[in-house]
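Below is one structure; the comments refer to it alone.
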Amino acid sequence: MVVMKMKFPFQKRVKLAQGLWLLSWCATVAGATTFTLGCLLKTELLRRAEVMDNADIHIVPNTLMIVGLASLGINYFASKICQDALDAGRFPRWKNFLKPYFAVSCFFTVLMLLSVIMSYAMKGSLESSLKAGLRNGIRFYKDTDTPGRCFQKQNIDRLQMDFECCGNNDFRDWFEVQWISNRYLDFSSKEVKDRVKSNVDGRYLVDGVPFSCCNPRSPRPCMQYQLTNNSAHYNYDYLTEELNIYLRGCREALVHYYMGLMNTIGAGVLSIFILQGSVLVSLRFLQTAMEAVAGKENTEIETEGYLLEKGVKDTIMEYLDPVLKFFLLKNGGKVEEGDAAEKPPAVP
Amino acid sequence: MAVLKVKFTKTKRDKLAQVLWILNWISVVTGAVLFILGLFLKVEINKRVELMAERDIQYVPNMLIAVGLIACAINFLGGKICYDCVDTTKFLRWKLIMLPYIVCTFFFTFCVLVGALMCYSMRGELEESLTLGLTQAMRFYKDTDIPGRCFLKRTVDLLQIQFQCCGNSGYKDWFQIQWISNRYLDMSQQQVVDRLRSNVEGKYLMDGVPFSCCNINSPRPCIQQQVTNNSAHFHYEHQTEELNLWMKGCRQALLEYYTNIMQSIGLTVLITWLFELSVLTGVRYLQTSLENVLRQGDPDSESDGWLLENSFMETARINLNIIKSLGKNNHIHTAKNGDPNIDIPSTSKAHYGPDNVPPKTIKEAS
């Protein structure tokens, strides 16, 4: 039961080979583009690696880079094969190469599609990684004297200014953390002592935010401290004030940024996937059409080309059989011993 | 006595034409690069036009854009000419145009040089423009409710954040202007009223700076208010504290930024000028050698190429005479009563037909 049989007269074969050659070079460029897009995404993720708790999301750019490099090789061979396809004398030397070639190419093409799906599916993982990373960043904001954490303040300040955001979920996260180091608190002052005593953990909490939360678009000078105290500032109502500090949380801002980036890249990679798929399909048709010509006297006869010789299920079993046999071979030996052991008791 | 005479065989001429064709196309690309650099500089200046007072600095990018476009056009024409010069017959098409083309290109290269020098000379005007512009911008920082000035606060804040600078020459500039609008001052408070009264002009001045002056590299939370008051903050000494606020002035920061851009652009323009000059020299040699070939008659023979036919002084004298005689053509020739057709003796022998007999003079009809 052949899948997608098509007739190929000589002229159509020639045209197919020529078109395929052009298409495979386009696909090579597309493969290089995929690799570049993967590098770009990885660079962007690495730039903010300090606020990410784990590196699970890096599987997306890594896959893109691998697929990009693989498709360079795949398309290089595709162009070489279709160059030889029109010469009936040179085509047979590719015969043994083509079966594993198609297996590998299909695997990498499916991997390309998987990477796009992953970029959408890993949104949750990215969000939780950012949540934990930002929480740590805010907690260690004051530890500018602790080695390993001394750049957290700089990173968080820069992040809040670049992405126009404040805190993890929103600016209130700063109220729950002591972000002013004890080194800069005057413990002889009564106010400081009272505040520290009133807290269960002995932390100095304020209803204030760092200066990097300030919004430059505000018409009035920035109010960072005593944010919830309306009487501390003239003509100020914190419930209605929207322009003073950034209201968006940094987690939301970063997720939005990265999802936007991955959506754009995903759209590009999808079109490259379609291109690569069409290259493989055309190559398969060319291969089957040329195989029918092999050995014939007249190389200009009309032949039939098809996608799969047997049905889809049969073809998959055909490819998987060697793989399964490799694993079953170990079990196959044990099965035979078991049979031999069983047989003698069965006889009497 | 020709200047820098070089002998050109036919193959050498052809090679010169081909090389010049390629070089002309490279020059078209460099002309496009100049155009793009001019556009880039224009965009960069316009991005911060609110911080610059009215000064003539737009002429530099405009000149670069014009020079870039003209370079593209001239070198495109030059490429076409050199492409045709390989074939002596096609050269005849361009023969009359080539000398004016070379003269025009020679003057154009001067424009390119002037463009390069202007890039370096712009610095003084830019500094003046920035000083005045920044002073104005800081003065209107608080006027976020006046149309036309309402975005200056945002512009100055973003500038200080991006260029990591504070104030005009330093952060102390903010102490001398009122940057907090009266709309946000509680006039019922005694402290505010006292401060206003203590100032001659009734301005609310304080030793504080806006949040955009805060240095992100500081290990401690930013101290913006009471910057010069050591006792107001724990463990703080404002004379030795360097990491709290940005120490650089915005005028210096912007000047450095623009000077860097213009130095790179100036260098590119100088290199382009040298390149154009060398291409022009090649075209001149090609023109003179082809003209000499045509004069000799044999298109495959060797010919001389030179920069100037006579020495430099001779050429200058001849050109000056041409210019003088151009002026003299307008004068009346008084020796012949102004009529140039009277009494000019014929110097050549007249030929009166096959038997060479002069015609009888015909009596005039009365």
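Residue numbers (the UniProt record's numbering), protein chains in the order written: chain A, 1 to 348; chain B, 1 to 366. Beta carbons are placed, not taken as given, at the ideal position from N, Cα and C, and that holds for glycine.
- Of all residues in the stretch 130–156 of chain A, the ones placed with a Cβ closer than 8 Å to any Cβ belonging to chain B are T144, D145, C150, K153 and Q154, in chain order.
- F108 (chain B): not part of any beta strand (DSSP E); member of the alpha helix (DSSP H) spanning T88 to R139, first to last residue.
- With fewer than 16 other beta carbons inside 10 angstroms of its own, S325 (chain B) counts as exposed.
- Our two residues, M262 (chain A) and W174 (chain A), have alpha carbons roughly 30 Å apart in a direct line.
- For V6 (chain B), the enclosing beta strand (DSSP E) stretches over residues V6 to F8.
- Counting the other CB atoms within 10 Å of its CB gives G148 (chain B) a total below 16, which places it among the exposed residues.
- Residue environment analysis places H235 (chain B) among the exposed positions, since fewer than 16 neighbouring C-beta atoms fall within 10 angstroms of its C-beta.
- Nearest neighbour of G31 (chain A) by Cα position, chosen from A:R135, A:Q287 and A:L64, turns out to be A:L64.
- Against N235 (chain A), the close residues of chain B are R183, Y184 and D186, in the order they occur along the chain (beta-carbon pairs closer than 9 Å).
- Under the three-state reduction of DSSP, I177 (chain B) is assigned to coil, being neither helix nor strand.
- For G202 (chain A), same chain residues with a beta-carbon under 8 Å away, outside a window of 5 residues either side, are V196 in chain order.
- Of the residues assessed, I81 (chain B) falls on the buried side of the cut-off, its CB having 16 or more other CB atoms within 10 angstroms.
- Among the residues of chain B, those whose CB is under 8 Å from the CB of F211 (chain A) are F211, C214, P221, C222 and Q224, following chain order.
- For E291 (chain A), the enclosing alpha helix (DSSP H) has its first and last residue at C250 to V293.
- Of the residues assessed, L320 (chain A) falls on the exposed side of the cut-off, its CB having fewer than 16 other CB atoms within 10 angstroms.
- In chain order, L64, I265 and T268 place their CB closer than 7 Å to the CB of L37 (chain B), counting only its own chain and leaving out the 5 sequence neighbours on each side.
- With a threshold of 7 Å between beta carbons, R48 (chain B) makes no contact with chain A.
- Take the alpha-carbon of G31 (chain B) and the one of F76 (chain B): they are about 10 Å apart.
- Below the 9 Å Cβ cutoff, chain B contributes P219, R220 and P221 as neighbours of S181 (chain A), in chain order.
- Within the same chain, and ignoring the five residues on either side of T272 (chain B) in sequence, the residues whose Cβ sits closer than 7 Å to its Cβ are T30, L34 and V112.
- As computed with DSSP, F108 (chain A) is found in no beta bridge at all.
- Proximity of chain B to D186 (chain A) at the Cβ level (cut-off 7 Å) is accounted for by F234, in chain order.
- With contacts defined as CB atoms closer than 7 Å, D84 (chain A) and F91 (chain A) qualify as a contacting pair.
- D143 (chain B) carries a coil assignment under DSSP once its states are collapsed to helix, strand and coil.
- Its chain contains T109 as the residues whose beta carbon lies nearer than 7 Å to that of G277 (chain A), once the 5 sequence neighbours on both sides are disregarded; these appear in chain order.
- Under the DSSP assignment, D237 (chain A) falls outside any beta strand (DSSP E); it carries neither an H nor an E label.
- Taking all protein chains shown into account, M138 (chain B) has 16 or more neighbouring C-beta atoms within 10 Å of its C-beta and is therefore buried.
- Using a Cβ-Cβ cut-off of 7 Å, L158 (chain B) counts as an interface residue toward chain A, since at least one Cβ of chain A sits closer than that to its own.
- With 16 or more other Cβ atoms inside 10 Å of its own Cβ, Q178 (chain A) counts as buried.
- Contact note: R158 (chain A) reaches chain B through I216, using a C-beta cutoff of 8 Å and chain order.
- By the neighbour-count criterion, in which 16 or more other beta carbons inside 10 Å mark a residue as buried, L46 (chain A) falls on the exposed side.
- Where G305 (chain A) is concerned, the enclosing beta strand (DSSP E) starts and stops at T303 to G305.
- Under the three-state reduction of DSSP, S311 (chain B) is assigned to coil, being neither helix nor strand.
- Residue pairing by DSSP places M6 (chain A) opposite A:G305 in a beta bridge.
- For S303 (chain B), the uninterrupted beta strand (DSSP E) segment begins and ends at S303 to G305.
- Chain B places a beta carbon closer than 7 Å to that of C214 (chain A), counting this residue as a contact.
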